[in-house]
Ligand SMILES: Cc1cc2nc3c(=O)[nH]c(=O)nc-3n(C[C@H](O)[C@H](O)[C@H](O)COP(=O)(O)OP(=O)(O)OC[C@H]3O[C@@H](n4cnc5c(N)ncnc54)[C@H](O)[C@@H]3O)c2cc1C
Ligand SMILES: *[C@@H]1O[C@H](CO)[C@@H](O)[C@H](O)[C@H]1NC(C)=O
């Protein structure tokens with residue numbers, strides 16, 4: 004499988020030493036493809052703050068900080084099943100075990116990432132318990148100095164090392180975002196963010212208010228409704244279809260008092276628990292953003308060329324900033340594009356042009372009615388984005404069946420959030436697939452004539 008990507012490699016004058024920060028899905032993908040191009044790159048150095056690969060998919064009962072006082076990275080909860088079928092979750096060059104159902108328990112995804120690591124031969128290149136603290140460009144385009152803290156047993160020490168390029172793969176579902184709501188500080192009930200939700204038991208018999216109806220808010224409503232006394236879902240979107248009948252949907256939260264909360268329509272509730280399912284903040288404490296010509300923005304960080312490259316430092320890449328995408332296939336495309344840039348196979352415009360381009364793209368998005376804070380939510384745009392990266396960097400585009408199955412899943416989820424995971428998908432070829440209901444009846448066959 005690695006042989007194929009080797010054909011994308013070309014001799015570079017000097018082998019580049021690339022640092023990969025984070026060993027979640029994005030970092031593993033970066034390491035795999037760097038290692039597959041030994042003519043152009045030295046083996047990657049993967050810095051991983053924790054002691055295992057998998058990032059988001061490493062479930063732990065712990066919340067807050069671990070025994071050593073380090074913040075818990077993962078937001079995974081005990082009973083999570085994926086919201087995308089494995090047929091579209093998979094890296095394009097590494098399918099899941101076909102005997103598994105389409106919608107997996109999180110432990111199956113971690114096992115998949117572990118076998119991806121194994122098959123890619125990257126284990127020896129991951130430095131576990133190395134947390135990157137500082138990434139600085141060396142003057143005159145001379146690469147990067149990375150400083151890291153090494154967590155030994157009992158002691159920690161700091162190390163500094165030089166690299167030619169850096170891939171930031173640190174994820175963005177770790178630092179909770181809680182909107183400023185008047186009176187929140189005065190609330191005397193239990194308050195948490197979905198980042199710290201683990202299981203249903205603590206909420207048995209309680210009135211739970213979930214704030215936000217994104218993937219987490221809706222999923223927690225499904226999980227909690229059988230055990231809680233009452234589940235109320237506050238959000239501003241169209242009604243969510245298929246929630247259990249005892250889940251009440253109400254408008255946005257207006258203000259909070261000691262024991263009660265008030266919604267935009269004036270209705271009032273006395274919840275025992277408030278769970279904020281309001282998303283996360285992008286956070287790059289190890290990057291001197293201003294010095295790099297970047298800044299924190301409403302949508303995250305920018306300006307970036309094609310959502311991944313720092314215009315003034317084209318050897319610094321962010322893998323996986325975008326949202327509402329198929330994460331693993333998206334990482335795959337971004338990584339192959341980044342490596343093509345590093346190998347000089349993909350010519351970039353000047354820094355000024357890339358900055359102007361990024362600005363123009365944002366302005367167009369706003370003109371078309373988008374909100375700045377949603378700029379990185381690609382949704383339908385993800386397909387043209389991936390296609391363009393493939394075209395520019397010269398690798399095969401994602402198979403059309405991935406888009407088709409993604410869209411079929413979305414449609415089913417939109418129709419009924421309680422039942423969309425009952426469908427099983429079969430990939431039959433790059434643009435052929437079928438779906439089967441759990442009962443085993445064929446629903447539809449999308450086989451195309453070869
Ligand atoms: C609750 C939840 C459910 C999800 N469900 C799905 C789903 O069903 N399907 C799907 O495809 N996607 C899902 N996702 C999206 C998921 O985040 C992506 O699939 C993917 O795992 C993200 O990978 P990543 O490598 O970008 O980040 P992460 O998995 O977050 O990995 C980042 C890694 O970087 C390390 N790190 C961070 N900072 C440093 C540092 N300074 N130095 C060294 N190491 C560092 C962390 O320890 C971590 O291991 C879900 C996400 C969440 C939170
Ligand atoms: C969603 O599916 C459930 C379980 O089959 C069913 O009870 C419910 O009526 C469906 N809801 C909608 C809106 O179709």
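Numbering (this note's numbering), first residue to last: 4 to 453. C-beta: ideal position from N, C-alpha, C; glycine also. Every value quoted in this text rests on a predicted model; they were computed, and no experiment measured them.
Taking Cβ positions, are residue i and residue j nearer each other than 8 Å?
| i | j | result |
| --- | --- | --- |
| residue 224 | residue 209 | no |
| residue 230 | residue 213 | no |
| residue 128 | residue 61 | no |
| residue 262 | residue 273 | yes |
| residue 196 | residue 279 | yes |
| residue 315 | residue 201 | no |
| residue 77 | residue 58 | yes |
| residue 311 | residue 337 | yes |
| residue 25 | residue 173 | yes |
| residue 237 | residue 206 | no |
| residue 91 | residue 368 | no |
| residue 123 | residue 38 | yes |
| residue 163 | residue 150 | yes |
| residue 259 | residue 186 | yes |
| residue 331 | residue 99 | no |
| residue 52 | residue 134 | yes |
| residue 427 | residue 105 | yes |
| residue 387 | residue 169 | no |
| residue 245 | residue 216 | no |
| residue 182 | residue 283 | no |
By a C-beta neighbour count over all protein chains shown, 10 Å radius and 16 as the cutoff for buried, is residue i buried or exposed?
| i | result |
| --- | --- |
| residue 412 | buried |
| residue 141 | exposed |
| residue 374 | exposed |
| residue 454 | Past the edges of the chain, shown from 4 to 453, lies residue 454, and the structure says nothing about it. |
| residue 329 | buried |
| residue 383 | exposed |
| residue 21 | buried |
| residue 2 | Not covered by the structure: residue 2. The range shown for the chain is 4 to 453. |
| residue 40 | buried |
| residue 220 | buried |
| residue 160 | exposed |
| residue 293 | exposed |
| residue 460 | Here the chain has residues from 4 to 453 only, and residue 460 is not among them. |
| residue 176 | buried |
| residue 73 | exposed |
| residue 355 | exposed |
| residue 63 | exposed |
| residue 65 | exposed |
| residue 414 | exposed |
| residue 440 | exposed |
| residue 19 | buried |
| residue 333 | buried |
| residue 281 | buried |
| residue 394 | exposed |
Start and end of the beta strand (DSSP E) containing residue i?
| i | result |
| --- | --- |
| residue 210 | 210-214 |
| residue 92 | Counting along the chain, residue 92 falls outside any beta strand (DSSP E), though it belongs to the alpha helix (DSSP H) covering 89-92. |
| residue 432 | 426-432 |
| residue 60 | Unbroken run through residue 60: none, as it is neither H nor E. |
| residue 183 | Residue 183 -> no beta strand (DSSP E), and no H or E assigned at all. |
| residue 22 | 21-24 |
| residue 135 | 133-140 |
| residue 436 | 435-440 |
| residue 73 | No beta strand (DSSP E) contains residue 73, which DSSP labels as neither H nor E. |
| residue 160 | 159-166 |
| residue 46 | Per DSSP, residue 46 belongs to no beta strand (DSSP E) and is neither H nor E. |
If you follow the alpha helix (DSSP H) that residue i is part of, which residue opens it and which one closes it?
| i | result |
| --- | --- |
| residue 385 | 385-396 |
| residue 31 | 28-38 |
| residue 333 | 330-345 |
| residue 243 | Premise fails: residue 243 is in no alpha helix (DSSP H) and is neither H nor E. |
| residue 415 | 403-418 |
| residue 119 | 109-123 |
| residue 103 | Note, residue 103: premise wrong, no alpha helix (DSSP H); not H, not E. |
| residue 354 | 354-370 |
| residue 222 | 218-227 |
#### Entry: Inter-stretch contact at 8 Å, needing at least 3 Cβ pairs: the region 349-361 / the region 299-309
yes
### Query
What does the shell around ligand 2 hold, if a residue joins when its beta-carbon is under 6 Å from any heavy atom?
So the residues near ligand 2 by this Cβ test are 244, 245, 419, 421, 422.
### Message
Assess contact between the region 38-45 and the region 183-192, defined as three or more Cβ pairs (one per stretch) separated by less than 8 Å. Is contact present?
### Response
no
### Task
Spell out a yes or no on whether the region 334-350 and the region 285-305 are touching, meaning 3 or more CB-CB pairs, one atom from each, closer than 8 Å.
Result no; under three Cβ-Cβ pairs closer than 8 Å.
### Message
Across the region 16-35 and the region 310-327, are there enough close Cβ pairs to call them in contact, namely three or more that are closer than 8 Å?
### Response
yes
### Query
If we count Cβ pairs, one from each stretch, closer than 8 Å, do we get three or more for the region 215-224 versus the region 389-407?
no
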